[in-house]
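Encoded as structure tokens, the structure appears first; notes follow it.
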Amino acid sequence: MKRDARRQEIMDMLVRDGSVALDALAEHFSVSKMTIHRDLDDLEQAGLLRKVRGGATIEPGTQFESDFRFRERQGGDVKRRIARAALELVEPGSTVIVNDGSMAAVLGAMLVEARPLTVITNNFAVMEALRNERGMTLIGLGGTYSSKYNGFFGVVTEESLFRLRADIAFISTPAVSRTTSYHMDDAVVRAKQAMMKISDRKCLMVGHQRFGRSALHAMADLRDFDAIVTDAEPGTASMDELRDAGITLTIAKDKAE
428 MKRDARRQEI MDMLVRDGSV ALDALAEHFS VSKMTIHRDL DDLEQAGLLR
478 KVRGGATIEP GTQFESDFRF RERQGGDVKR RIARAALELV EPGSTVIVND
528 GSMAAVLGAM LVEARPLTVI TNNFAVMEAL RNERGMTLIG LGGTYSSKYN
578 GFFGVVTEES LFRLRADIAF ISTPAVSRTT SYHMDDAVVR AKQAMMKISD
628 RKCLMVGHQR FGRSALHAMA DLRDFDAIVT DAEPGTASMD ELRDAGITLT
678 IAKDKAE
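The sequence shown begins at 428 in my numbering and counts up by one.
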């Protein structure tokens with residue numbers, strides 16, 4: 428198998444399983460461990476995975492988030508449930524902000540169901556989904572494009588936001604520890620914080636598995652949000668901390684429930 432095909436299959440395994448083991452990869456591809464080491468080194472340098480002892484993972488770390496192209500292929504059912512519950516907060520005729528991220532992209536595509544709307548976003552996937560939709564006024568935020576996050580960030584993005592106003596902002600996060608949300612990238616944090624500042628209401632969208640994790644940069648206190656939508660209750664320790672702080676979660680239900 429050629430190098431590029433092998434590396435693509437490694438990424439497919441990571442999307443499916445979340446992590447891979449060095450020994451298993453060497454056996455699977457019938458190559459040396461050193462060859463797999465080089466593959467993982469190059470993929471890590473490209474920002475596509477995070478090497479750990481004995482293998483690699485695309486699970487987030489304090490300074491790592493996997494590439495958008497792989498995140499959008501994971502957890503589709505959970506993202507749709509959370510997005511569907513978040514959509515209930517949207518009133519036709521309002522102005523809505525949608526941030527970067529694969530979960531936010533799912534919500535962005537659903538917003539046509541609440542039209543007419545004005546949608547402000549730095550999420551390129553949302554721009555693509557809404558650009559030809561009638562009844563949707565789309566304000567695409569410029570800035571420096573990040574392929575890792577499939578969105579726009581930086582000074583241009585932030586200054587554009589401060590010239591606008593919104594009824595509600597939908598913000599996502601890869602990590603929540605105690606009562607604080609976190610992100611790995613400071614430019615992403617600044618964009619999300621700017622969105623929150625110009626919005627009358629704020630909704631946090633976060634999968635329950637993201638609780639009990641932290642990242643390099645603190646983004647916002649959970650009490651800054653008017654609603655926090657997730658797919659299930661997090662672990663007991665996290666739930667106790669949230670209850671002690673008076674924070675309530677909205678649990679997105681399956682349609683059958």
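Yeah, the Cβ is synthetic: ideal placement off N, Cα and C, and Gly gets one too.
query                                                                                                                                                                 : result
What residue range does the alpha helix (DSSP H) around Thr462 cover?                                                                                                 : Lys460 to Gln472
Comparing alpha-carbon positions, which option in Arg430, Ala473, Ala483 and Asn549 lies nearest Phe456?                                                              : Arg430
Within 8 Å of any Cβ in chain B, is that where the Cβ of Ile463 sits?                                                                                                 : Protein chain content of the structure displayed is limited to a single chain, and chain B is not contained in it.
Please give the ranges of any alpha helix (DSSP H) in the stretch 577-661, keeping only runs that are unbroken, at least 4 residues long and fully inside the region. : 582-588 and 613-624
I'd like to confirm the pairing. Which residues does DSSP put opposite Lys680 in its beta bridges?                                                                    : In DSSP, Lys680 forms no bridge with anything.
Do you know whose CA, among Val615, Val525, Glu668 and Arg465, lies nearest Ser574's CA?                                                                              : Val615
Can you give the Cα-Cα distance for Thr600 and Val583, rounded to whole angstroms?                                                                                    : 22 Å
Unbroken beta strand (DSSP E) runs of length 3 or more, entirely within the stretch 494-557: which are they?                                                          : 522-525 and 544-548
Which word fits Met428, buried or exposed, when buried means at least 16 other C-beta atoms lie within 10 angstroms of its C-beta?                                    : exposed
Report yes if the C-beta distance between Leu568 and Ile547 is below 8 Å; otherwise report no.                                                                        : yes
Using a 10 Å radius around the Cβ and a threshold of 16 neighbouring Cβ atoms, would you call Lys629 buried or exposed?                                               : buried
Give the secondary structure of Leu441 by DSSP, where H, G and I count as helix, E and B as strand, and everything else as coil.                                      : helix
Tell me, which residues are paired with Met428 by DSSP?                                                                                                               : None; Met428 has no bridge partner.
In whole angstroms, what is the alpha-carbon distance linking Met611 and His644?                                                                                      : 6 Å
Determine the direct distance from the alpha carbon of Ile655 to that of Gly639, and round the result to whole angstroms.                                             : 15 Å
Which residue comes first and which comes last in the alpha helix (DSSP H) that contains Thr675?                                                                      : No alpha helix (DSSP H) holds Thr675; DSSP gives it neither H nor E.
Going by alpha carbons, who is nearest to Gln636 out of Met622, Ala602 and Ala647?                                                                                    : Ala602
Can you round the beta-carbon distance between Ala596 and Ile524 to whole angstroms, since I take them to be within the 8 Å contact cut?                              : 4 Å
Look at the Cβ atom of Thr685, then the Cβ atom of Leu649, and state whether they are nearer than 8 Å.                                                                : No answer is possible for residue 685: the residues shown for the chain start at 428 and end at 684.
Which value, in whole angstroms, describes the spacing of the CA atoms of Glu411 and Leu538?                                                                          : Because the chain is modelled from 428 through 684, residue 411 falls outside the range shown and cannot be assessed.
Is it buried or exposed, Ala451, if we count other Cβ atoms within 10 angstroms and call 16 or more buried?                                                           : exposed
Output needed for Ser459: all residues of its chain with C-beta closer than 7 Å, excluding positions within five of it in sequence on either side, in chain order.    : Ala453
For Leu449, tell me which candidate among Leu514, Gly662, Lys624 and Arg480 has the shortest Cα-Cα distance.                                                          : Arg480
With a CB to CB cut of under 7 Å and the five nearest residues on each side skipped, what residues in its chain are close to Arg617?                                  : Glu585
Tell me which same chain residues have a C-beta within less than 6 Å of the C-beta of Met440, skipping the five on either side of it?                                 : Val447
Taking Cβ to Cβ, would you say Leu565 is nearer than 8 Å to Ala541?                                                                                                   : no
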